[in-house]
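K.L.:
In this text, residue positions in the sequence shown follow my numbering: the first is 9, and each later residue adds one. C-beta: ideal position from N, C-alpha, C; glycine also. Owing to the predicted nature of the structure, the values given are computational and were not obtained by experimental measurement. Could you have a look at this structure, given as structure tokens, before my questions?
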Amino acid sequence: MNLDNLANVGDLFAAIASVITLLFVAFELRANRRKNRLSLITSLDKGWQEINAQMTQDEVMADLFFRGTNDPNSLTEQEAARYWYTVVQYINHHKSVWTLLVKDGLDTHHEQWLKTDISLVYNSPGYRAVLLSLKEWIPPEFIAFAEQQEVREFKAADWRALVA
9 MNLDNLANVG DLFAAIASVI TLLFVAFELR ANRRKNRLSL ITSLDKGWQE
59 INAQMTQDEV MADLFFRGTN DPNSLTEQEA ARYWYTVVQY INHHKSVWTL
109 LVKDGLDTHH EQWLKTDISL VYNSPGYRAV LLSLKEWIPP EFIAFAEQQE
159 VREFKAADWR ALVA
């Protein structure tokens, strides 16, 4: 075997090694991206839990939330501002999860949760007002997604029946 043949064999091995390396890097990048997305969803879950914990532990906040959702005109100016910021947190969480599910195609258990949350509160007078106030900052596809959900009336009696 002469020197030219050895050089050709070396080039072949180098090409194969390069392809294998590129495939490995692509696989690792994909796995890392998925791990980061799942980490983001976990972070979003914690945010929801914190807001919901506040609602369950603070009667004043819970009252404000339910009054604002059903009749935003019943709130004082200060209460309306607190209600708006609370609902914006929920909407931002929903929008982030929607982005991961719909735009990025990340398959998680969150889709039904998201649809249920939206169907229960987004068409209430208070949520609707907040959503419309954010319309220029929210993707129109998210607003269309929210408007496509089945509307359910949010009643405390329904929730009591679930936990009884």
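Taking the alpha helix (DSSP H) that Pro148 falls in, what are its first and last residues?
P.N.:
Residues Pro148 to Gln156.
K.L.:
If we count the other Cβ atoms within 10 Å of its Cβ and call it buried at 16 or more, is Phe73 buried or exposed?
P.N.:
Burial call: buried.
K.L.:
Decide yes or no for the touch test of the stretch 62–73 against the stretch 88–95: beta carbon pairs closer than 8 Å, at least 3 of them.
P.N.:
Touching, per the Cβ criterion.
K.L.:
If contact is defined by three or more beta carbon pairs under 8 Å, each pair taking one atom from either stretch, is the stretch 101–110 in contact with the stretch 38–57?
P.N.:
With the cut-off at 8 Å, the stretch 38–57 and the stretch 101–110 touch.
K.L.:
Do the stretch 129–138 and the stretch 147–163 touch if we need at least three Cβ pairs shorter than 8 Å?
P.N.:
Yes, since at least three Cβ pairs between the stretch 129–138 and the stretch 147–163 fall closer than 8 Å, the two stretches touch.
K.L.:
List the whole-angstrom C-beta distance separating Glu119 from Leu108, where the pair is believed to meet the contact cut-off of C-beta under 8 Å.
P.N.:
Actually they do not touch by this definition, with Cβ atoms about 10 Å apart.
K.L.:
Which residues in the same chain as Leu122 place their Cβ atom closer than 8 Å to its Cβ, once the five residues preceding and following it in sequence are excluded?
P.N.:
So the list reads His102, Val105, Trp106 and Leu109, once near-sequence residues are dropped.
K.L.:
Met63: which of Arg90, Val138 and His117 sits nearest, CA to CA?
P.N.:
The shortest Cα separation from Met63 among Arg90, Val138 and His117 belongs to Arg90.
K.L.:
Have a look at Pro147 and Lys111 and give me their C-alpha separation to the nearest angstrom.
P.N.:
Pro147 and Lys111: Cα-Cα distance of roughly 11 Å.
K.L.:
Compare the Cα-Cα distances from Asn78 to each of Leu31, Ile28 and Arg136 and report the closest residue.
P.N.:
With distances taken between Cα atoms, Asn78 lies closest to Arg136.
K.L.:
Tell me, to the nearest whole angstrom, how far the beta carbon of Ala152 is from that of Ile126; I am working on the premise that it is less than 8 Å.
P.N.:
Not quite, the Cβ-Cβ distance comes to about 12 Å (not below 8 Å), so this is no contact.
K.L.:
Along the chain, which unbroken stretches of the alpha helix (DSSP H) at least 4 residues long are found entirely within the stretch 77–151?
P.N.:
85–106, 118–129 and 133–141, all fully within the stretch 77–151.
K.L.:
Alpha helix (DSSP H) containing Arg42: first to last residue?
P.N.:
Leu11 to Gln65 is the extent of the alpha helix (DSSP H) around Arg42.
K.L.:
Run through DSSP, which three-state label would Val159 get?
P.N.:
Here Val159 sits in coil by DSSP.
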